[in-house]
Amino acid sequence: MNFNERMRATAKEYKNKLVLPEACEERTLKAARLIVDEKMVSALYLIGEEAAVNEAAKKTGVSLDGITVVNPKTSEWLDGFASAFYEKRKHKGITLEQAKTDIKDPLRFAAMMLVQNKADAMVAGAQNSTANVLRAGLTVIGTLPGMKTASSCFVIDTKKPKQGANGVFIFSDCAVIPNPSAEQLADIAVSAAQSCKTFTGESAVAALLSYSTKGSGGNKDESILKVQEAVSLLKERKPDFLFDGEIQLDAALVPSITEKKAPGSPITGKVNTLVFPNLDAGNIGYKLVQRLAEADAYGPFLQGFAKPLSDLSRGCSVEDIVVVSAVTLVQAGKK
1 MNFNERMRAT
11 AKEYKNKLVL
21 PEACEERTLK
31 AARLIVDEKM
41 VSALYLIGEE
51 AAVNEAAKKT
61 GVSLDGITVV
71 NPKTSEWLDG
81 FASAFYEKRK
91 HKGITLEQAK
101 TDIKDPLRFA
111 AMMLVQNKAD
121 AMVAGAQNST
131 ANVLRAGLTV
141 IGTLPGMKTA
151 SSCFVIDTKK
161 PKQGANGVFI
171 FSDCAVIPNP
181 SAEQLADIAV
191 SAAQSCKTFT
201 GESAVAALLS
211 YSTKGSGGNK
221 DESILKVQEA
231 VSLLKERKPD
241 FLFDGEIQLD
251 AALVPSITEK
261 KAPGSPITGK
271 VNTLVFPNLD
281 AGNIGYKLVQ
291 RLAEADAYGP
301 FLQGFAKPLS
311 DLSRGCSVED
321 IVVVSAVTLV
331 QAGKK
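The numbers in the numbering used here rise by one with no breaks, and the one at position 34 of the sequence shown is 34.
The following block contains the structure:
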């Protein structure tokens with residue numbers, strides 16, 4: 001069973017509630033139908049005006065049986081959502097009237113459904129930019145307690161069962177933070193470790209990557225110092241997973257090289273999570289293994305948010321939306 005199949009099977013077992021805020025978008029409608037037909041959810045909500053959604057569904061040839069359309073402008077939840085949003089944002093000078101206007105935005109309304117436990121997972125981005133999806137997530141949902149950074153990961157299936165977690169690796173961050181600080185890098189490592197546990201069922205063994213291993217590149221380059229500081233911050237946090245750094249990729253993955261470059265490393269021969277020093281490295285890295293090594297790359301999946309939220313590429317297919325929805329439903333956990 002590959003990653004896609006495993007996530008769909010787990011979503012069926014968990015039966016969480018999914019909200020899709022881009023209700024009139026053709027691919028989203030088709031994906032919603034497939035998700036309900038595959039019995040991956042206990043409820044599926046589309047956010048939009050009923051007449052417009054019905055017309056779009058009719059035009060697309062999609063039945064809305066088993067799907068609930070929620071109009072944020074007339075919903076019975078509107079006043080409560082507006083009050084909750086006002087309390088969260090009043091320190092920014094927002095008024096209750098403005099909060100009521102702002103929360104009618106489908107992305108914000110869908111995000112508030114998660115906060116208010118009306119839904120368990122949210123997927124968007126077929127129409128909206130990543131910036132808009134992230135903005136809704138950060139302003140309405142926020143990050144996990146003790147976590148200041150929202151980031152992303154890719155699930156990389158190398159199809160080589162002796163590597164990683166039965167062939168699967170977590171690559172992070174590959175899509176959100178261009179040049180993370182040491183503090184952000186430590187947050188990314190913690191989030192990536194949680195993603196590893198969620199997606200593979202195994203505890204993370206994380207390598208914080210660099211072109212240097214244990215000072216081999218000198219101690220003056222800011223990129224090396226940043227990773228070293230991130231490792232120090234992680235040690236202070238005492239997370240429940242193994243990690244090491246700064247370390248080169250070959251030293252992280254090949255035990256014989258680890259023993260030469262980082263003797264005694266706690267991650268020797270066990271790495272399943274790669275934390276990249278910046279977005280250049282992460283984005284190039286996942287595309288290299290995808291294109292040259294023919295690994296399957298799934299993502300990006302957002303991490304670090306207090307509730308499960310995923311962003312799609314605007315070039316996504318119907319199948320992409322279904323897979324990302326399954327993953328996000330799994331992130332919501334078993335109730």
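We put the CB at the ideal spot given by N, CA and C, even for glycine.
Same chain, Cβ closer than 8 Å to N283, neighbours up to 5 away in sequence not counted: Residue numbering aside, residue 283 sits at position 283 when the sequence shown is read from its first letter. If we look at N283 and ignore the five residues flanking it on each side, its Cβ neighbours are C174 and A175.
Within its chain, find whatever has a CB closer than 7 Å to the CB of D157; leave out the 5 residues flanking it on each side and keep chain order. Taking the sequence shown and counting its residues from 1, the one referred to as residue 157 is at position 157. Around D157: N2, F3, G167, V168, A295 and D296.
If we call anything under 8 Å between Cβ atoms a contact, is S324 one with S310? In the sequence shown, the residue the question calls residue 324 occupies position 324. In the sequence shown, the residue the question calls residue 310 occupies position 310. For clarity, residue 324 is Val in the given sequence; the question names Ser instead. Yes.
Could you check where the beta strand (DSSP E) with E202 kicks off and where it finishes? As a position in the sequence shown, residue 202 is number 202, starting the count at 1. Element bounds for E202: n/a, residue is neither H nor E.
Determine the contact status of A124 and E55, defining contact as a CB-CB distance below 8 Å. Here residue 124 refers to the residue found at position 124 when the sequence shown is read from its first residue. Here residue 55 refers to the residue found at position 55 when the sequence shown is read from its first residue. Pairing A124 with E55 gives a Cβ-Cβ distance that is not under 8 Å.
Which residue comes first and which comes last in the beta strand (DSSP E) that contains A126? Here the question's residue 126 lines up with position 126 in the sequence shown. Neither: A126 is in no beta strand (DSSP E) and is coded neither H nor E.
Hey, is the segment 261-279 in contact with the segment 122-136, meaning 3+ C-beta pairs nearer than 8 Å? no
Shorter than 8 Å from the beta carbon of E222 to some beta carbon of chain B? Within the model displayed, chain B is absent; a lone protein chain is all it includes.
Hey, is the segment 269-282 in contact with the segment 125-136, meaning 3+ C-beta pairs nearer than 8 Å? no
Quick one, which of G66, Y211 and Q98 has its alpha-carbon nearest F81's? Locating residue 81 in the sequence shown gives position 81, where the first residue counts as 1. The shortest C-alpha separation from F81 is found at Q98.
Backbone CA spacing between A119 and N219 [nearest angstrom]: The sequence position of residue 119 within the sequence shown is 119, counting from 1. The sequence position of residue 219 within the sequence shown is 219, counting from 1. Answer to the nearest angstrom: the Cα atoms are 48 Å apart.
If you reduce the DSSP assignment to three classes, tell me which class S195 lands in. The residue labelled residue 195 in the question sits at position 195 within the sequence shown. Reduced to three states, the DSSP call for S195 is helix.
For the segment 24-85, list the beta strand (DSSP E) runs that are entirely contained and at least 3 residues long, ordered along the chain. Listed in chain order, the complete beta strand (DSSP E) runs (minimum 3 residues) inside the segment 24-85 are 41-47 and 68-70.
Sub-8 Å separation of N272 and I188 beta-carbons: As a first step, residue 272 must be located in the sequence shown, where it is residue number 272. As a first step, residue 188 must be located in the sequence shown, where it is residue number 188. Not in contact: N272 and I188 (Cβ atoms no closer than 8 Å).
What does the Cβ neighbour count give for E13, buried or exposed, with the cut at 16 atoms within 10 Å? Counting from 1 along the sequence shown, the entry for residue 13 is found at position 13. Exposed is the call here.
Among the residues of its own chain, which have a CB less than 7 Å from the CB of Q184, if the five just before and after it don't count? Within the sequence shown, residue 184 is the residue found at index 184, counting from 1. Contacts found: T149 and I177.
Assuming V36 contacts L44 under a Cβ cut-off of 8 Å, what Cβ separation, rounded to an integer in Å, is found between them? Here residue 36 is taken as the residue at index 36 of the sequence shown, counted from 1. Here residue 44 is taken as the residue at index 44 of the sequence shown, counted from 1. At roughly 5 Å, the Cβ-Cβ gap stays under 8 Å, so V36 and L44 are in contact.
Taking all protein chains shown into account, decide if A332 is buried (16 or more other Cβ within 10 angstroms of its Cβ) or exposed. On the sequence shown, position 332 is the one that residue 332 refers to. Buried, since its Cβ has 16 or more Cβ neighbours within 10 Å.
Taking one C-beta from the segment 217-231 and one from the segment 14-34 each time, how about it: are there three or more such pairs within less than 8 Å? no
For F276, which of helix, strand or coil comes out of DSSP? Working through the sequence shown from its first residue, we reach residue 276 at position 276. Correct three-state label for F276: coil.
Looking only at its chain, what residues have a beta carbon closer than 6 Å to the beta carbon of Q248, apart from the 5 residues adjacent to it on each side? Stepping through the sequence shown from its first residue, residue 248 is reached at position 248. Closer than 6 Å at Cβ, skipping near neighbours: T213.
Can you pull the DSSP bridge partners for A329? For this step, residue 329 is matched to residue 329 along the sequence shown. In the sequence on display, residue 329 carries Leu and not Ala. Its beta-bridge partners do not exist; DSSP assigns none.
Express the C-alpha separation of K287 and A207 in angstroms, rounding to a whole number. To locate residue 207, count along the sequence shown from 1; it is residue 207. To locate residue 287, count along the sequence shown from 1; it is residue 287. A207 and K287: Cα-Cα distance of roughly 19 Å.
Among the residues of its own chain, which have a CB less than 6 Å from the CB of L64, if the five just before and after it don't count? Translated into positions along the sequence shown, residue 64 becomes position 64. Excluding sequence neighbours, L64 sits near A57.
List the endpoints of the continuous alpha helix (DSSP H) containing P106. What you label residue 106 is simply residue 106 of the sequence shown in a count that begins at 1. Start and end: P106 to V115.
Does the distance from the CB of T143 to the CB of A252 come in under 8 Å? Taking the first residue of the sequence shown as position 1, residue 143 is located at position 143. Taking the first residue of the sequence shown as position 1, residue 252 is located at position 252. No. Outside cutoff.
Have a look at R8, A11 and V69 and flag the residue whose alpha-carbon is nearest the alpha-carbon of L20. Position 20 of the sequence shown, counted from the first residue, corresponds to residue 20. Cα-wise, what sits closest to L20 is V69.
Less than 8 Å between the CB atoms is what I'm expecting for S152 and G269, so what's the real figure, rounded? One-based indexing of the sequence shown puts residue 152 at position 152. One-based indexing of the sequence shown puts residue 269 at position 269. That belief does not hold up - the Cβ atoms of S152 and G269 are roughly 27 Å apart, past 8 Å.
Whole angstroms are fine: how far does the CA of S210 sit from the CA of A281? Translated into the one-based positions of the sequence shown, residue 281 becomes position 281. Translated into the one-based positions of the sequence shown, residue 210 becomes position 210. Roughly 9 Å separates the two Cα atoms.
What's the call for L292, buried or exposed, on a 16-neighbour Cβ count within 10 Å? Walking along the sequence shown from the start, residue 292 turns up at place 292. By the neighbour-count criterion, in which 16 or more other beta carbons inside 10 Å mark a residue as buried, L292 falls on the exposed side.
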